[in-house]
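Here the protein sequences come in this chain order: A and B. The working numbering puts the first residue of the first sequence at 1, with every later residue one more than the last. The working numbering puts the first residue of the second sequence at 1, with every later residue one more than the last.
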Amino acid sequence: MQWEIVIGLEVHAQLSTHSKIFSGASTAYGAPPNTQACVIDLALPGVLPVLNKGAVERAIKFGLAVGAKINSPSIFARKNYFYPDLPKGYQISQYELPVVQGGSIVIQADGVDKSIRLTRAHLEEDAGKSLHEDFHGMSGIDLNRAGTPLLEIVSEPDLRSSIEAVAYAKTLHALVRWIGICDGNMQEGSFRCDANVSVRPRGSDKLGTRCEIKNLNSFRFLERAIDYEARRQIETLEDGGTIRQETRLYDASKDETRTMRSKEDANDYRYFPDPDLLPLEISSGWIEQIQSTLPELPQARCNRYVTEFKLSAYDAGVLTSSRETADYFETTVKQLPTQAKLCANWIMGEINGQLNKDGIEINDCPISSAQLAALLTRISDGTISGKTAKTVFESMWNGELDKDADAVIAAKGLKQISDDSAIEKLVDEVLAANAQQVTDYRNGKEKAFNSLIGQIMKATQGKANPAQVNTILKKKLTG
Amino acid sequence: MFNDSLKQLSDQLSAKKISSTELTSDFLRRIKQLNPEYNAFITINEEMSLAQAQTADKMIAAGQAGPLTGIPIAQKDIFCAKGWLTTCGSKMLSNFISPYDAGVIERFNQAGAVNIGKTNMDEFAMGSSNETSFFGSVKNPWDPAAVPGGSSGGAACAVAARLAPAATGTDTGGSIRQPAALCGISGIKPTYGLVSRYGMIAFASSLDQAGPMAKSAEDLTLLLNVMTGFDARDSTSLQRETEDYGRDLQKPLNGLRIGLPKEYFAAGMSNDVASAVDKALDEYRKLGAQTVEISLPNAPLSIPVYYVLAPAEASSNLSRFDGVRYGYRAESYSDLADMYRKTRAQGFGAEVKRRILIGTYVLSHGYYDAYYIKAQKLRRLIAQDFTDAYRQCDLIMGPTTPTVAFNLGEKSGDPIQMYLSDIYTSAANLTGMPAMSIPIGFGDKNRPIGLHIIGNYFKEAHLLNAAHQYQLVTNWHLQSPI
């Protein structure tokens, strides 16, 4: 039987506010345990939550970016359960009326655009952290993270493969960073995924029983966990078994998922509206104001690069994978308006390659877009060849001569020979010294031509303009 | 001096006839002498009270005194006060010393008032007789066999027995007004949102409201002026212009329309209470008011609605008492779940557990719509009844409680009977409207009776005006049991 995999993702994006969602305590990462937990985060008797406006603003920003409806009012609800890292004994979240409803995100998978619908995105607080090691049979509780603002973004079950799921997660990851609502740091837990996975016979329109895989904190784990889980479900069904609805954990060391709790053991969270918080009213004026601060979105920019700069959809997609890359590209191309493709190639090739090699982000790129543009100008005006430019680029990357392309070219004598008469003279010399190859060529040995080019380039240490050399040589040989 | 009004005490303080330190010491002495009998206070902290009195004396000397500067106030043990044991009447918090001040405590501190001690109360404010307190029941100063009412029973007793000139209370279903009535004092629950709930240990967040308890309506105005005001730390706190709640005290009551809900003058009210209320209404007619019969058709549903919503919120509010971070923790347990179970089984009393169970039940999957949602709808209908009624009248009056104070132990085994003692009071919490109780005489066994006055939102000054005019021509509020 042919099986279809159906996936929906729940992503917890930590919002980039300085203070917590319901208290004034700092959200900075990495402080000593419990130093960023105030009386409210500790849930002392009598304390009350006060909503952080910045968190709401970020949620609205997200809603606008995905074309969703901003609900007003939306309602904060209590999700009740006991756990030591949940100080109040309930998590403040949103249940029946989330702040963001609907919307969609366009992903590219296998070179095709696909729109993934969002169910909702709601505001909630994070729990603290339980530490089970180093306490000799006891557990430690760190409440620094308790109350950190999260936006839980829930997709419809529109994804059909682990590749699509990863593409969705990456697109979402890029988007939340692009609009500046989340730093996207996955190591620090700022962007975490839960995957709902089910399988069904291809052609069926009925959803299979799903399992939820919790807390996948890398794109690689997301992909592998889904692959494992889909395989497990298919094998179970093909062996005549049934899938139980349950929550599973992915064990990266064994590359498998295993049962965490079944539906029967699931908590009854007894959601009800939090009486300590009023319904969240959002005025249309506030929405408009946020709309006006929203940057041009990745999808729009990607489309513009195709139409305005005549880039391929693939190139435009790579360049708009992060706002920083896109901005770098635009400031470069601004100085070379007719050479968009050249700029794109260099950023996607040399720049990205070196960044990857050095393990740094484009924000920390040692060569500024202005410096890169200066280098590319010398390619386009024929001062140096593309090949020579790579040597210059390397020197610039290493910080030589203030990363000034012209200075590097001059100092190293890399200026291209583009003077026709000089090249003609060179060609004549090489032809005179290689009479045999000239004869070979004229007798139909095409290979001899390349050999002659090689001789000329060698004689000029690669500085002769290759196009001119080509033209002149051809003229001489056939003339 | 123990019978003096707040105004009289304040005048003596500013005239330097007495210092706050002397006044505070006198009350502390009286508490030490009488509290073993009444059990009105859970905590006395002479050192901290006297330190505040000294600060107040300096304020007075510097000419910075306000109307409450230097005056001892008994604080209900539901308010977190920095450095004070704050128990909420529970074993669960029997070791909890608050590291911070509640909004109400802060306001009294800023006004230069002296915290004279933390008063006894029903555990987590759940009760109508003060018998659910982990720290023992409180006696009604008018009759040691009777309950003082609850949950602010310690506060009502302290004021009635003249252990403090005034006290704070909180009212979720009648917890200020019912004990005020049973102890023969005055108390007001203001409009929901006027007094900060920050640092007031939550019972049912959408119903809880703090208010003052004192001998007279005039005293209440001074206390209310200090207690009310916006607090950004409480999202349900209202942002309003400050008002002087005493501004209308002297207004005559000519033309006042008093609504008498026929549902409240029905079966269930005892004869002694009925006749005292009738006499009080006669007094109001003499003052120029007219009475008009009104109907609040859904008001009789207040108790069932209340006993769905309040436990629902309480079951969640009390989840934080888990033995993990502060308060009581069971001494021995086998694992985490066992620690939770034993801590909560041992730390909470029977009434609190009953309400947590009810609340958990009504919020559970499959029951939520039938109970919680239904109750919320009825809550709106009850509020609508009152809003409609205010087209025919300015204030609503009736008995605060159906009977005078019952005997200690009389109802403690029968929760339904106990719950019914809030039958007239809980509607004001469901609607959020202001309501108060004033003493209007004595009934069976010479136990006090209270008149309940309810007004529309933000009509506190009007309520206090009506109460004060009555107190100008009567002396029930001046009577003291000792």
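Heads up, the beta-carbon is just placed ideally off N, CA and C, and yes, glycines get one too. Predicted, not measured: the structure shown is a model, and the values here were computed from it.
Q | Reference Gly-23 (chain B), options B:Gly-70, B:Asn-45, B:Leu-395, B:Gly-112, closest by Cα | A | Note on residue identity: the sequence assigns Leu, not Gly, to residue 23 (chain B). Ranking the options by Cα distance to Leu-23 (chain B), first place goes to B:Gly-70.
Q.
Threshold first: 4 residues or longer. Then list the alpha helix (DSSP H) segments lying entirely within the region 392-447 of chain B, N to C.
A. Annotation: the region 392-447 of chain B contains the following complete segments of the alpha helix (DSSP H) (minimum length 4 residues), in chain order: 415-419, 426-431.
Q) Is the shortest distance between the beta-carbon of Phe-272 (chain A) and the beta-carbons of chain B less than 8 angstroms? A) Among the CB atoms of chain B, one or more fall inside 8 angstroms of the CB of Phe-272 (chain A).
Q: Could you tell me whether the Cβ atoms of Asn-34 (chain A) and Asp-142 (chain A) are closer together than 8 angstroms?
A: It is a contact, given that the beta carbons lie within the stated cut-off.
Q: Just confirm the distance between the C-beta atoms of His-468 (chain B) and Glu-218 (chain B), as a whole number of angstroms; I'd bet it's less than 8 angstroms.
A: Yes, His-468 (chain B) and Glu-218 (chain B) are in contact; Cβ-Cβ is about 6 angstroms, under 8 angstroms.
Q: Answer yes if the region 137-146 of chain B comes into contact with the region 222-233 of chain B, meaning at least three C-beta pairs across the two stretches below 8 angstroms, and no otherwise.
A: They do not touch, by the three-pair rule.
(Q) Quick check: is the beta carbon of Lys-88 (chain A) nearer than 8 angstroms to any beta carbon in chain B? (A) By this cut-off, Lys-88 (chain A) is an interface position.
**Q.** Close-in-space but distant-in-sequence residues of the same chain around Tyr-367 (chain B) (CB under 7 angstroms, 5 per side omitted)
**A.** Closer than 7 angstroms at Cβ, skipping near neighbours: Tyr-361.
Q. Comparing alpha-carbon positions, which option in A:Tyr-271, A:Glu-361, A:Met-457, A:Gln-289 lies nearest Tyr-81 (chain A)?
A. By alpha-carbon distance to Tyr-81 (chain A), the top candidate from A:Tyr-271, A:Glu-361, A:Met-457, A:Gln-289 is A:Tyr-271.
Q) So, is Arg-192 (chain A) buried or exposed, given that buried needs 16 or more other C-beta atoms within 10 angstroms? A) Result: buried.
(Q) Once DSSP output is grouped into helix, strand and coil, what is the label at Glu-133 (chain A)? (A) Coil.
Q.
Tell me which residue opens and which closes the beta strand (DSSP E) that Asn-115 (chain B) is part of.
A. Counting along the chain, Asn-115 (chain B) sits inside the beta strand (DSSP E) bounded by residues 114-119.
Q) Taking Cβ-Cβ distances below 7 angstroms as the criterion, which residues of the region 65-84 of chain A are in contact with chain B? A) Taking 7 angstroms as the Cβ-Cβ cut-off against chain B, the residues of the region 65-84 of chain A that qualify are Arg-78, Asn-80, Phe-82, Pro-84.
Q: Mind checking which residues open and close the beta strand (DSSP E) that includes Ser-284 (chain A)?
A: Annotation for Ser-284 (chain A): no beta strand (DSSP E) segment contains it, though the alpha helix (DSSP H) segment containing it runs 284-293.
Q) Hey, how far is the Cα of Thr-325 (chain A) from the Cα of Val-427 (chain A)? A) If you take the alpha carbons of Thr-325 (chain A) and Val-427 (chain A), they lie about 43 angstroms apart.
(Q) Give me the chain A residues within the contact set of Ser-316 (chain B), using Cβ-Cβ distance strictly less than 8 angstroms, ordered along the chain. (A) Result: Arg-78, Asn-80, Gly-89, Tyr-90, Arg-270, Phe-272.
**Q.** Run of the alpha helix (DSSP H) containing Lys-279 (chain B), from where it starts to where it stops
**A.** Lys-279 (chain B) -> alpha helix (DSSP H) spans 271-286.
Q: Determine the DSSP secondary structure at Asp-126 (chain A), reduced to helix, strand or coil.
A: Judged by DSSP in its simplified three-state form, Asp-126 (chain A) adopts coil rather than helix or strand.
(Q) Relative to the C-alpha of Ala-466 (chain B), which candidate in B:Lys-374, B:Pro-99, B:Glu-283, B:Ile-373 has its C-alpha closest? (A) Here the closest residue by C-alpha is B:Glu-283.
(Q) Taking CB distances under 8 angstroms as the criterion, tell me whether Tyr-535 (chain B) reaches chain A. (A) Any answer about residue 535 (chain B) is impossible in this case: the structure gives chain B only from 1 up to 482.
Q | Min CB distance Arg-325 (chain B) to chain A below 8 angstroms | A | Nearest CB-CB separation between Arg-325 (chain B) and chain A: below the 8 angstroms threshold.
Q: Determine the extent of the beta strand (DSSP E) in which Thr-388 (chain A) is found, giving its start and end residues.
A: Boundaries around Thr-388 (chain A) are those of the alpha helix (DSSP H), 386-397, since no beta strand (DSSP E) includes it.
Q.
For Ser-332 (chain B) and Gly-323 (chain B), what's the separation of their Cα atoms in angstroms?
A. C-alpha separation (whole angstroms): 12 angstroms.
Q. Which same chain residues, not among the five before or five after Ser-426 (chain B), have their C-beta less than 7 angstroms away from its C-beta?
A. If you ignore the 5 residues before and after Ser-426 (chain B), its C-beta comes within less than 7 angstroms of the C-beta of Gly-173, Gly-174, Ser-302, Ile-303, Tyr-306, all in its own chain and listed in chain order.
Q: Counting only runs of 4+ residues fully inside the region 389-476 of chain A, write out the alpha helix (DSSP H) ranges in chain order.
A: Whole alpha helix (DSSP H) segments, 4+ residues: 405-412, 420-433, 435-442, 447-459.
Q) Which residues in the same chain have their Cβ closer than 6 angstroms to the Cβ of Glu-350 (chain A), if we skip the five residues on either side of it in sequence? A) The answer, listed in chain order, is Phe-393.
(Q) So, under 8 angstroms CB-CB, Ser-16 (chain A) and Ala-174 (chain A) are touching, yes? Tell me the CB distance rounded to an integer number of Å. (A) By a beta-carbon distance limit of 8 angstroms, Ser-16 (chain A) does not contact Ala-174 (chain A). Their separation comes to about 15 angstroms.
Q.
Less than 8 angstroms between the C-beta atoms of Glu-489 (chain A) and Arg-261 (chain A), yes or no?
A. One cannot answer for residue 489 (chain A) here, as it falls past the ends of chain A, which runs 1 to 479.
Q. Is DSSP giving Asp-142 (chain A) helix, strand or coil here?
A. Residue state for Asp-142 (chain A) is assigned as strand, using DSSP reduced to three classes.
Q | Secondary structure of Lys-357 (chain A), DSSP reduced to three states | A | Lys-357 (chain A): helix per DSSP, three-state reduction.
Q. Using a C-beta to C-beta distance shorter than 8 angstroms, which residues of chain D count as neighbours of Gly-199 (chain B)?
A. Judged by its chain identifiers, the structure shown contains no chain D, and its protein chains are A and B.
Q. How is His-462 (chain B) classed by DSSP in three states: helix, strand or coil?
A. In the structure shown, His-462 (chain B) falls within a helical segment according to DSSP collapsed to helix, strand and coil.
Q) Got a sec, what are the start and stop residues for the alpha helix (DSSP H) Glu-263 (chain B) sits in? A) Premise fails: Glu-263 (chain B) is in no alpha helix (DSSP H) and is neither H nor E.
Q | Under 9 angstroms (Cβ pairs) to chain B, residues found in the region 94-127 of chain A | A | Result list empty, no residue passes.
Q. Who are the neighbours of Phe-27 (chain B) on chain A, taking C-beta pairs under 7 angstroms?
A. Close partners of Phe-27 (chain B) in chain A (Cβ separation under 7 angstroms) are lacking, with about 26 angstroms as the shortest Cβ gap.
Q) What does Ala-43 (chain A) reach in chain B if we use C-beta pairs closer than 8 angstroms? A) Close partners of Ala-43 (chain A) in chain B (Cβ separation under 8 angstroms): Arg-320, Arg-325.
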